[in-house]
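Only one structure is covered here, and it is reproduced in the block below.
And the structure:
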């Protein structure tokens, strides 16, 4: 019997070790950069509920769609949208081929670094800047240009690379959702082709899961083979009421979780949280001047006004960057 | 020693059985409804090449994108496109609410079953039929209507349900590609929202992998909650030169394999096969009047003319329905 009981003891202790490891894994904090509290609890409770087959609010994996705004939700959007910084840099890069820009607004203001002058040129001026920098080339060429630019582009205030100026707590939410068989999409007012070159390496989100604004493209056969030419006409604006349309067009399913930070995300949050079953709508509130920026109702970029007013009645959870996040940025 | 050699014999024969089963599985024909020959060989050789890590033409799984046209490539498009049959049925269903249609073309011809009268109304007439049946309702309502219709809709010539009027050999190609970690998309001139309700149950292709033509949609908040209203304006035509644009918009990657059957697939085939590395372009040629239909250059639906002429020089493989397919439709 001695050998049997030895074997039995070994088996028992092995089983015990396995059980302990399992329990440790099960209890490992999926959101370590979030402070404990109601906000973190809301995320975990939601995920546990919709993935629990015995719960009436269970959602099968194929219907677990989560959408994230990008500017101000996943990465820093102050002191200006990254894509605008790209457009201004492109004007500077292209200027030698356009001597006429020295005397022509809005290019003159861009080259002089006169932000007020750019602002004074209004929507028309901005459209001209976008037309000059985002159209008139093949999409492959635009992708190469954006890819090159993003490898060295830094935020002038934080000094970090834009692709490192991202919110660690939101990366954890993306990973947590994906670990729970969610299909995670970016749904941004930014340009779809501006984002695609770097979303996979930065957030783990592949090109086919990126929804954004787009320029009209035209298929052409050139001597060097076929190209998709970018035209100076907007095909789709994926912002505000455009976001639910972009979501339907690209995904064909209604999200059950949506994350935003501005009024441009209002309709995406509404479309998501007024859907059937259990849903989650969250808004990143930039209230941390010390570690990032503090802005909402009066900001030029990422204005948060109506969505903040509506949040309590709509049960949208405000994420306080200051109180809910133990850390803001990933370790370098 | 006797017991040891018995154990050894058992182990050897077990190992032998496992090896035999493995070999059988490895050699199981992935395309049983295809006759042996150059066409079947082209598919298998392509898949084996791009999935072989030691081959210079190896393609990592994330870049294995395959696109399939729908009408005439995956399901029967004669005697008319299924979506057109749906539109005509919808006119009949809605007619009691539109007494004026009895005297108004093209509706008068639809209600009289006068196909020539419908044809005589031209593009303008077709646009009116599509406007009346595909717009002016929420997308959810349209989806319900299309879902209900497709459950009983039959091909007037074959007598089969449209969702059973599908090509078994092409289903096998889809399954074979997916088993080899391809991401498979439908890229059709048909309406994206008309297809999405049934592509997953019919072909195993989920809504997010369907690219098609689309109506403009407008987000509205009604007393019953938010809706996406379908407007009587075309947002995107996913046909001909529109297909590469639709592919880029939805997938953001260039396919390495494309399957079509008509001139509407010309640019998709070109965009795919003029890409870098090893690619595959195939065209289903309807040359089987006995088991399906025989048509190409002169057909109203699925006209195959320029793409057939270009096929040899472009190395696009023509699939002869008559010679290459051992069976055409799935077993009932």
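Chains as they are written, first to last, in my numbering: chain X, 1 to 332; chain L, 1 to 332. Ideal Cβ placement from N, Cα and C applies to all residues, glycine included.
List the DSSP bridge partners of residue i.
{"i": "residue 183/X", "result": "65/X"}
{"i": "residue 230/X", "result": "217/X"}
{"i": "residue 317/L", "result": "282/L"}
{"i": "residue 260/L", "result": "283/L"}
{"i": "residue 161/L", "result": "154/L"}
{"i": "residue 75/L", "result": "71/L, 166/L"}
{"i": "residue 236/X", "result": "214/X"}
{"i": "residue 325/X", "result": "34/X"}
{"i": "residue 191/L", "result": "213/L"}
{"i": "residue 225/X", "result": "222/X"}
Along the chain, where does the beta strand (DSSP E) containing residue i start, and where does it finish?
{"i": "residue 221/L", "result": "210-222"}
{"i": "residue 285/X", "result": "280-285"}
For the alpha helix (DSSP H) that contains residue i, what are its first and last residues?
{"i": "residue 292/X", "result": "Unbroken run through residue 292/X: none, as it is neither H nor E."}
{"i": "residue 139/X", "result": "139-152"}
{"i": "residue 130/L", "result": "122-134"}
{"i": "residue 32/X", "result": "No alpha helix (DSSP H) contains residue 32/X, which DSSP labels as neither H nor E."}
{"i": "residue 242/L", "result": "242-250"}
{"i": "residue 331/X", "result": "That residue, residue 331/X, is in no alpha helix (DSSP H); it is neither H nor E in DSSP."}
{"i": "residue 109/X", "result": "107-111"}
{"i": "residue 271/L", "result": "266-273"}
{"i": "residue 90/L", "result": "82-94"}
Within this structure, are the beta carbons of residue i and residue j separated by less than 9 Å?
{"i": "residue 326/X", "j": "residue 32/X", "result": "yes"}
{"i": "residue 258/L", "j": "residue 133/L", "result": "no"}
{"i": "residue 229/L", "j": "residue 109/L", "result": "no"}
{"i": "residue 183/L", "j": "residue 211/L", "result": "no"}
{"i": "residue 323/L", "j": "residue 55/L", "result": "no"}
{"i": "residue 318/L", "j": "residue 39/L", "result": "yes"}
{"i": "residue 243/L", "j": "residue 187/L", "result": "yes"}
{"i": "residue 197/L", "j": "residue 147/L", "result": "yes"}
{"i": "residue 225/L", "j": "residue 82/L", "result": "no"}
{"i": "residue 105/L", "j": "residue 149/L", "result": "no"}
{"i": "residue 168/L", "j": "residue 328/L", "result": "yes"}
{"i": "residue 287/L", "j": "residue 320/L", "result": "yes"}
{"i": "residue 135/L", "j": "residue 231/L", "result": "yes"}
{"i": "residue 307/X", "j": "residue 260/X", "result": "yes"}
{"i": "residue 251/L", "j": "residue 280/L", "result": "no"}
{"i": "residue 216/L", "j": "residue 200/L", "result": "no"}
{"i": "residue 262/L", "j": "residue 69/L", "result": "yes"}
{"i": "residue 50/X", "j": "residue 64/X", "result": "yes"}
{"i": "residue 73/X", "j": "residue 170/X", "result": "yes"}
{"i": "residue 71/L", "j": "residue 301/L", "result": "yes"}
{"i": "residue 176/X", "j": "residue 47/X", "result": "yes"}
{"i": "residue 314/X", "j": "residue 269/X", "result": "yes"}
Who are the neighbours of residue i on chain B, taking C-beta pairs under 9 Å?
{"i": "residue 139/X", "result": "Here chain B cannot be found, since the structure's protein chains are X and L."}
Using a Cβ-Cβ cut-off of less than 7 Å, list which residues of the segment 225-250 of chain L approach chain X; keep chain order.
-> So the close ones are 225, 226, 228, 241, 244, 245, 248, 249, 250.
Using Cβ-Cβ distances below 7 Å, what residues of the segment 249-263 of chain X are close to chain L?
-> The segment 249-263 of chain X vs chain L, Cβ under 7 Å: 249, 250, 251, 252, 253.
Which residues, taken in chain order from the segment 198-212 of chain X, show a beta carbon closer than 7 Å to some beta carbon of chain L?
-> Contact residues of the segment 198-212 of chain X toward chain L are 206, 207, 208, 210 (C-beta to C-beta distance below 7 Å).
Residues in the segment 56-70 of chain L having any Cβ partner in chain X nearer than 8 Å = Residues of the segment 56-70 of chain L with a Cβ closer than 8 Å to any Cβ of chain X, in chain order: 62.
Residues, ordered as in the chain, of the segment 77-92 of chain X that lie near chain L by beta-carbon distance below 7 Å = Within the segment 77-92 of chain X, no residue has a Cβ that lies closer than 7 Å to any Cβ of chain L.
Against chain L: residues of the segment 269-288 of chain X by CB proximity under 7 Å | For chain L, the residues of the segment 269-288 of chain X that bring a beta carbon within less than 7 Å of one of its beta carbons are 270, 271, 274, in chain order.
Name, going along the chain, the residues of the segment 94-109 of chain X whose beta-carbon falls closer than 8 Å to a beta-carbon of chain L.
-> Within the segment 94-109 of chain X, not one residue has a Cβ closer than 8 Å to any Cβ of chain L.
Name the residues in the segment 288-315 of chain L whose C-beta lies less than 7 Å from a C-beta of chain X; which are they?
-> If you check each beta-carbon in the segment 288-315 of chain L against every beta-carbon of chain X, none falls closer than 7 Å.
Could you list the residues in the segment 174-197 of chain L with a C-beta less than 7 Å from some C-beta on chain X, going in chain order?
-> Here the close residues are 196.
Which residues, in order along the segment 141-164 of chain X, keep a beta-carbon less than 8 Å from a beta-carbon of chain L?
-> Flagged: no residues at all.
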